[in-house]
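Residue numbers (the working numbering), protein chains in the order written: chain A, 16 to 471; chain B, 4 to 236; chain C, 4 to 78.
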């Protein structure tokens, strides 16, 4: 883990980690200094910190990119007494290709907790809950150790570490809150939004772990300092997880706007020619390699290609693997990760994956692309969360970028590369498909189709 | 010993409204169980079938209330209002009458929750609605146990219709592939079979057997000599 | 005096009973899996009563009529 050379004030959130490994409390204080005392939030009025975060233009690092100051304002200004408000640190990192939150908690847990505690004071919350995936044993250890170490600080904010069951949709905001409220880790219908009614029914500030790390630094150095890196439209630094055919894949801290080229160089350069890059994870967007030379890692540069930084996953795909087979594999995995709460997602993503598989096998006739477009228009926006939309975006961008390969497969069936083991990372072993929610008999005008039925 | 005859209009009304209520209840339950919505057609859209179920349920309640009212007003058998809602509190065939009260209470719970559905939410409403599976057999047994017409052919026909309606509906629902898990369906089938078996064994030995009026707890003051009256026990 | 009303379905609670599409076909159609596709545009005043009936008919209370602030922006 290191900063990309050429940006003298990097690393920021990863400062000291490369040299010292994991920063315990004293190392953390040495590297960053103590957290400042800022005017706390009172009923209806947010604390001083929120102004700085607003000046900084910090956006959430969990995938949605929502402006953090807006969230903090919403929670601080929520109706009712501040009692019971909670700050939730989302370090679940259910995105299979992402490693940054794990790395951050392992390396600089106190920076994350600083940010969460500072944010808690700013929105008048009394508790911080750090949520880690229960299978990420090292991360959990580091979090628990850090939580224990902080007792000496006698912060008036109570810090708790929670292990949460694995699952892709479990990291979604409302799903995590529902889990903390004792329910299943599945998304809920909104409104009410969690900044009005979250953990325990109280206003809740929930953000990604990395977001809080930035908050901790903004509190120390100010919003203007934050903006001294990055671009005016997309300021600051960020963690990215770089994957693919490079000698040193892993977590890097970049400044927004850095060319993709530089990141690849810092990782040791390409080991094979590039075919495409997937930005944002499996709910993200494919970009053709022809653009890789000029592509910059910021929302404006990526936005020109229909992408955004999201949770900072950058997956390089070389020319060797079959992109069609990879797309099908991931689409099937995504379909299996549906919470199965909403019909259009549960049935729709299965249909998308099935359609892609048929197309890749040359069994879709002329209609492979048309069928995908039709399904996308039927499914889009009809789930309770953004999971189906993310899958559709992933599939649509794959079809566009790998148009030639899809056409070949549609005409001639599987290629030599189709049987090879996949390169795009998926959890091993993959989760058992969730049993359909036990309902009273599905009252559709046609009997429900069993998902496993093979198409003719 | 036979039951003394009563020429009171209420006595006739209570038996007839009771029979009709049982028939309506059976139709309501059968409709609900078989989930006719899955068989909906353009001429019979789902919302119409749904409303039919609701309306039948309301009609059942009307007849049920009439049945209770007339049985209380009737002077022949000492049935108080309390006995009709508090189970086993009466002196006339206390157990079998009590079953009627139980059934009424269950249906009352189902009705009230249905009226305040929106307030209590779908889950709670649905959970209470399951009580209707209990209300029906209880009502049926109440009818067999207290009914003084049990040996008459019209009532036997009607009762057979009621039982068939519901049992067939349950079998259709169990047979439908997408209903619940195999375990749930197996359990439902077993329960249904057990209930049918119970009826087949108990009816001849009980209400259809001899001296049922006395055995079921009719107060002795109402039991007369064998040759009296045309209204049978 | 026209209200800015919209029809919406809670996709988690929805179990594809399909009454909404029968009672409000102008705003609700059914997809290939039996689930409702709701027109997100403003609910015309003439359909409000029908929409309310559809809301009452939904067995799982998944159909909602919401009031939104302000006027519908021209698309």
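Glycine included, every Cβ here is placed at the ideal spot set by N, Cα and C.
{"query": "Establish whether the CB of residue 77(B) and some CB of chain C are separated by less than 8 Å.", "result": "no"}
{"query": "Assuming residue 127(A) and residue 228(A) are in contact, meaning their beta carbons sit under 8 Å apart, how far apart are those beta carbons, in whole angstroms?", "result": "5 Å"}
{"query": "Taking Cβ-Cβ distances shorter than 8 Å, what residues in chain C pair up with residue 13(B)?", "result": "Per Cβ cutoff of 8 Å: no residues; residue 13(B) is ~38 Å from chain C at best."}
{"query": "With three or more beta-carbon pairs closer than 8 Å as the criterion, would you say the segment 116 to 132 of chain A touches the segment 78 to 88 of chain A?", "result": "no"}
{"query": "Are the CB atoms of residue 162(A) and residue 192(A) within a distance shorter than 8 Å?", "result": "no"}
{"query": "Using a C-beta cutoff of 8 Å, does residue 49(B) count as contacting chain C?", "result": "yes"}
{"query": "From the DSSP secondary-structure annotation, give me the bridge partner or partners of residue 301(A).", "result": "293(A)"}
{"query": "Going along chain C in order, which residues have a C-beta closer than 7 Å to the C-beta of residue 362(A)?", "result": "36"}
{"query": "Please determine if the segment 43 to 54 of chain B and the segment 105 to 113 of chain B are in contact, where contact requires at least 3 C-beta pairs separated by less than 8 Å.", "result": "no"}
{"query": "Quick one: grab the DSSP three-state call for residue 72(C).", "result": "coil"}
{"query": "Determine the contact status of residue 17(B) and residue 96(B), defining contact as a CB-CB distance below 8 Å.", "result": "no"}
{"query": "Quick one, are the C-beta atoms of residue 327(A) and residue 246(A) less than 8 Å apart?", "result": "no"}
{"query": "Can you give me the C-alpha to C-alpha distance between residue 312(A) and residue 204(A), rounded to a whole angstrom?", "result": "33 Å"}
{"query": "How would you write the range of the beta strand (DSSP E) that residue 26(B) sits in, first residue to last?", "result": "No beta strand (DSSP E) contains residue 26(B), which is instead part of the alpha helix (DSSP H) from 12 to 37."}
{"query": "Does any residue of chain C bring its CB to less than 8 Å from the CB of residue 125(B)?", "result": "yes"}
{"query": "Rounded to a whole number of angstroms, what is the C-alpha to C-alpha distance between residue 194(B) and residue 124(B)?", "result": "29 Å"}
{"query": "Starting from residue 345(A), trace the alpha helix (DSSP H) in both directions and tell me its first and last residue.", "result": "338 to 351"}
{"query": "Which residues in chain C sit within 7 Å of residue 399(A), going by Cβ to Cβ distance?", "result": "14 and 15"}
{"query": "Have a look at 250(A), 403(A), 428(A) and 369(A) and flag the residue whose alpha-carbon is nearest the alpha-carbon of residue 343(A).", "result": "369(A)"}
{"query": "Are the beta-carbon atoms of residue 157(A) and residue 120(A) separated by less than 8 Å?", "result": "yes"}
{"query": "Can you tell me the Cα-Cα spacing of residue 23(C) and residue 146(A), whole angstroms?", "result": "40 Å"}
{"query": "Note down, one range per segment and in chain order, each alpha helix (DSSP H) of at least 4 residues found wholly within the segment 180 to 219 of chain B.", "result": "185 to 208 and 215 to 218"}
{"query": "Quick check on residue 125(B): does DSSP put it in helix, strand or coil?", "result": "helix"}
{"query": "What does residue 108(B) reach in chain D if we use C-beta pairs closer than 7 Å?", "result": "The structure shown contains no chain D; its protein chains are A, B and C."}
{"query": "Applying the 10 Å Cβ sphere with the 16-neighbour rule, what's the burial state of residue 63(C)?", "result": "buried"}
{"query": "Can you name, in chain order, every residue of its own chain whose Cβ lies under 6 Å from the Cβ of residue 138(A), other than the five neighbours on each side?", "result": "56, 87, 90, 91 and 220"}
{"query": "Quick check on residue 218(B) - is its C-beta less than 8 Å from some C-beta in chain C?", "result": "no"}
{"query": "Using the Cβ count rule (16 or more neighbours within 10 Å means buried), how would you classify residue 42(C)?", "result": "exposed"}
{"query": "Taking 8 Å as the CB-CB cut-off, is residue 358(A) touching chain C?", "result": "yes"}
{"query": "Could you confirm whether any beta carbon from chain A is found closer than 8 Å to the beta carbon of residue 19(C)?", "result": "yes"}
{"query": "Give me the Cα-Cα distance between residue 323(A) and residue 293(A), rounded to the nearest whole angstrom.", "result": "10 Å"}
{"query": "My assumption, with CB atoms under 8 Å, is that residue 67(B) sits in contact with residue 112(B). Please give the rounded CB distance.", "result": "Between residue 112(B) and residue 67(B) the Cβ distance is about 14 Å, and since that is not below 8 Å, they are no contact."}
{"query": "Chain C beta carbons: is any one of them nearer than 8 Å to that of residue 121(B)?", "result": "yes"}
{"query": "For residue 21(B), which option in 75(B), 132(B) and 171(B) has the closest C-alpha, if you only look at C-alpha atoms?", "result": "75(B)"}
{"query": "Drop a sphere of 10 angstroms on the beta-carbon of residue 37(B), count the other beta-carbons inside from all chains shown, and report buried for 16 or more, exposed for fewer.", "result": "buried"}
{"query": "Please name the residue or residues paired with residue 256(A) in a DSSP beta bridge.", "result": "266(A) and 328(A)"}
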